[in-house]
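Student: The listed protein sequences derive, respectively, from chains A and B.
Under my numbering, residues 28 to 231 are what the first sequence spells out, in order.
Under my numbering, residues -5 to 324 are what the second sequence spells out, in order.
All residues carry an ideal CB built from backbone N, CA and C; glycine is no exception.
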Amino acid sequence: MSLEQFTDRNVQQHYFKVDIEDYPETGWDRFKQVVKRGLSGELFVGLWVVMREMIKFDIHTVQYPKEKLPIGPRYRAVHEMQRLFESGTERCIGCGLCEKICISDCIRMDTRIDENSRKAVTEYTINLGRCIFCGYCAEVCPELAIVHGPRYENTSEQREHFILFEDMLTPIDMAIKGEQKEYPGFGAVTPNEDARVKKTPLAY
Amino acid sequence: MDTAFIIETLVKIVVVLLVFSALAGFGTYFERKVLAFMQRRLGPMHVGPYGLLQIAADGIKLFTKEDIVPSGVVGPIFKIAPVITAATAFMAAAAIPFLPEFTLFGYTVHPIIADVNIGILYILGVMAIGLYGPLLGGMASNNKWSLISAARGAAIFISYEVVTGLALLVPLMIIGSLSLLDFNEYQAANGWMAFAHPMGFISFILFWIAAFAETGRTPFHLVANDHEIIDGFGTEYSGMRWGLFFIGEYANMFFISFVMAIVFLGGYGDGTVMGALGLLLKVAFFFFFFLWTRAAWPDVRPDQLMWLCWKVLMPLAVINVVVTGIVMMF
């Protein structure tokens, strides 16, 4: 692009005027317009177009509760609490970072020191009515314990569904069978992790 | 009058009432499906296989919904208006031969309730009285949109009644009878009215256009134009009163399709089984065309509609009648 073209600020240079007919002035002109439009076959083009679509039967309906459109892997919808692969225990260590960072103040957690002197989560709720799905909680979580899952239906008949730790936590049987979907976003285990990781050279 | 005749007539009345009330339900289902397919949707799918039980679901809903008579309406008139619409639509059916006559267990059945010798005039008259349904309903409702709709309805019905009448004059002049059976017999002998004479074709087109206004269908759907005046005269109605308006509209569509097929497209022809099937096919086509245009064409403005009626269709119809008269003189 030459400088001359670049500095040309006349943005309308490629515009062209649509060919608009003159508005009919007299009654006779209006009559001619009606006859022209009525007999020009445009009405029948319209008829043909809808008939063609009906014959082609190219239906675009998604029957929503039964069928769902595939959703992007990083789509940020209702939260899920993940479990550890090996033991099946929950990953959340109760650090409280998600609660701290939550800008809409919808996460509440309570922790205690359990019998093994480890921090354990006693209460964990997310008020989905307030959550704006910004994703900070998932980004900040050092353990990849809270992620955004693909479940995007937020309606419910009961307030209690908005939302408890147990509801979000991967069911233990699913975790044992290895059906827990890993969060493919930031910080996640990459698909070819096993090949990429080198063994620590301990045998000097 | 012998007993057999009375019983036969009563049975025919009941059959027509039942069949066309049910057809109104099927018509809504069919309309929703056809419109959906033309717009690449599926339409009703959840109630029953392919949404087939939607008709029953709609019926149950209409019958069990609370029947609200809002405050401020003129009660008796508000209540009677839907009855007028449905009743006049079904009264018009009296003079329509739905099928050729056939013999059932040795008894010859004439599938026409009353072969009156003023048949087509009677149908036109009674269908014109159907105007009182939307008019009274809209005016009795305490609602400005209903009032506008009533005014529009009156203007359109009366205007297009003129075109309908003038368009029907041409076949009347050619055939010289008002009975629909005579129309059918004439066309069985001389070919279809719409194609045998050029005047017949013009009046067929005019009548077809006017039929859209008479039944209040898109593109002349100004009586209950959803996007301008909410639901027009039906805004305040609920439950089965609204349903009666609906039944009336669909029955009207079917009956005017029958009239078009019998007057202009040969009716049932020579009265064989194929002829009867042909009549039903023609009616089905006209009904489908009502739905087809609804998917394809936009609504016109009221002033455009009246303009079309009084400055295009009416002069055309008059010229058509005059030309027919001149042709018949020589």
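Check whether the stretch 46 to 53 of chain B touches the stretch 202 to 216 of chain B, counting contact only when three or more Cβ pairs, one atom from each stretch, lie closer than 8 Å.
Tutor: They do not touch, by the three-pair rule.
Student: If you measure beta-carbon to beta-carbon, which residues of the stretch 266 to 292 of chain B are closer than 8 Å to chain A?
Tutor: Trp286, Thr287, Ala289, Ala290, Trp291
Student: Does the beta-carbon distance from B:Ile78 to B:Ile142 come in below 9 Å?
Tutor: no
Student: Please give the ranges of any beta strand (DSSP E) in the stretch 122 to 176 of chain A, keeping only runs that are unbroken, at least 3 residues long and fully inside the region.
Tutor: The stretch 122 to 176 of chain A contains these whole beta strand (DSSP E) runs: 134 to 140, 146 to 153, 173 to 175.
Student: Any beta-carbon of chain B closer than 9 Å to the one on A:Thr182?
Tutor: no
Student: Less than 9 Å between CB atoms is the rule here; does A:Asp46 satisfy it with respect to chain B?
Tutor: no
Student: Spell out the partners DSSP gives B:Tyr101 in its beta bridges.
Tutor: Note: B:Tyr101 sits in a beta bridge opposite B:Leu98.
Student: In the DSSP assignment, what residue or residues form a beta bridge with A:Arg110?
Tutor: A:Glu117
Student: Taking its Cβ as the centre, do 16 or more other Cβ atoms sit within 10 Å of B:Tyr244, making it buried, or is it exposed?
Tutor: buried
Student: Between which two residues does the alpha helix (DSSP H) holding A:Met195 run?
Tutor: 192 to 195
Student: Mapping DSSP to helix, strand and coil, what is B:Leu36?
Tutor: coil
Student: Taking B:His221 as part of the alpha helix (DSSP H), name the residues at either end of that continuous run.
Tutor: 220 to 223
Student: Does the distance between the C-beta of A:Ile173 and the nearest non-hydrogen atom of the ligand MN fall short of 8 Å?
Tutor: The ligand MN is not part of the structure shown, which contains no ligands of any sort.
Student: What do you get for A:Lys83, buried or exposed, if any count of 16 or more other CB atoms within 10 angstroms of its CB means buried?
Tutor: exposed
Student: Which of helix, strand or coil does DSSP assign to B:Val317?
Tutor: helix
Student: Can you list, in chain order, the stretches of the alpha helix (DSSP H) that have 4 or more residues and sit fully within the stretch 118 to 205 of chain B?
Tutor: 126 to 134, 138 to 169, 174 to 184, 187 to 190
Student: Which word fits A:Glu117, buried or exposed, when buried means at least 16 other C-beta atoms lie within 10 angstroms of its C-beta?
Tutor: buried
Student: Spell out a yes or no on whether the stretch 179 to 189 of chain B and the stretch 146 to 155 of chain B are touching, meaning 3 or more CB-CB pairs, one atom from each, closer than 8 Å.
Tutor: no
Student: B:Gly260: which of B:Leu275, B:Asp225, B:Asn246 sits nearest, CA to CA?
Tutor: Distance check between B:Gly260 and each of B:Leu275, B:Asp225, B:Asn246 places B:Leu275 closest, using alpha-carbon atoms only.
Student: Given that A:Gln60 touches chain B, what residues does it touch there, using C-beta distances under 7 Å?
Tutor: Within 7 Å Cβ-Cβ: nothing; A:Gln60 doesn't reach chain B, min ~11 Å.
Student: Whose Cβ in chain A lies nearer than 8 Å to the Cβ of B:Leu35?
Tutor: At residue 35 of chain B the sequence reads Arg, which differs from the Leu that was named. Within chain A, the residues near B:Arg35 are Ile86, His87, Thr88.
Student: Would you kindly work out how many angstroms separate the C-alpha atoms of A:Lys225 and A:Ala165, rounded to a whole number?
Tutor: 28 Å
Student: Go to A:Asn181, then tell me how far its alpha helix (DSSP H) extends in each direction, as first and last residue.
Tutor: Here A:Asn181 belongs to no alpha helix (DSSP H), and DSSP marks it neither H nor E.
Student: Please check if any C-beta of chain B sits within less than 9 Å of the C-beta of A:Leu74.
Tutor: yes
Student: Determine, for A:Gly54, whether the minimum Cβ-Cβ distance to residues of chain B falls below 9 Å.
Tutor: yes
Student: Under a Cβ-count criterion, where at least 16 other Cβ atoms within 10 Å of its own Cβ denotes burial, should B:Ile117 be classed as buried or exposed?
Tutor: buried
Student: Please determine, among A:Thr138, A:Gly123, A:Arg139, A:Ile140, the residue with the shortest C-alpha to C-alpha distance to A:Asp132.
Tutor: A:Gly123
Student: Please determine, among B:Gly319, B:Asn137, B:Ala207, B:Phe252, the residue with the shortest C-alpha to C-alpha distance to B:Thr287.
Tutor: B:Ala207
Student: Looking at A:Val77: is its Cβ nearer than 9 Å to the Cβ of B:Met133?
Tutor: no
Student: Mind pulling the chain A residues with CB within less than 9 Å of B:Val306?
Tutor: Phe58, Val61, Val62, Gly65
Student: Please confirm whether A:Glu80 has its beta-carbon closer than 9 Å to some beta-carbon of chain B.
Tutor: yes
Student: Are the stretch 101 to 110 of chain B and the stretch 22 to 38 of chain B touching, with three or more C-beta to C-beta distances below 8 Å?
Tutor: no
Student: In chain B, what lies closer than 7 Å to A:Leu70 by C-beta?
Tutor: Trp291
Student: Hey, would you say B:Phe57 sits closer than 9 Å to B:Gly233, going by beta carbons?
Tutor: yes
Student: Please check the pair A:Val89 and A:Asn181, which I expect to be a contact at CB under 8 Å, by giving their CB distance rounded to whole angstroms.
Tutor: In fact, because the Cβ distance is near 18 Å, the residues do not count as touching under 8 Å.
Student: Throw me the rounded Cβ distance for the B:Arg146 and B:Val67 pair, which I believe falls under 8 Å.
Tutor: Contact doesn't hold; Cβ gap of about 19 Å is too wide.
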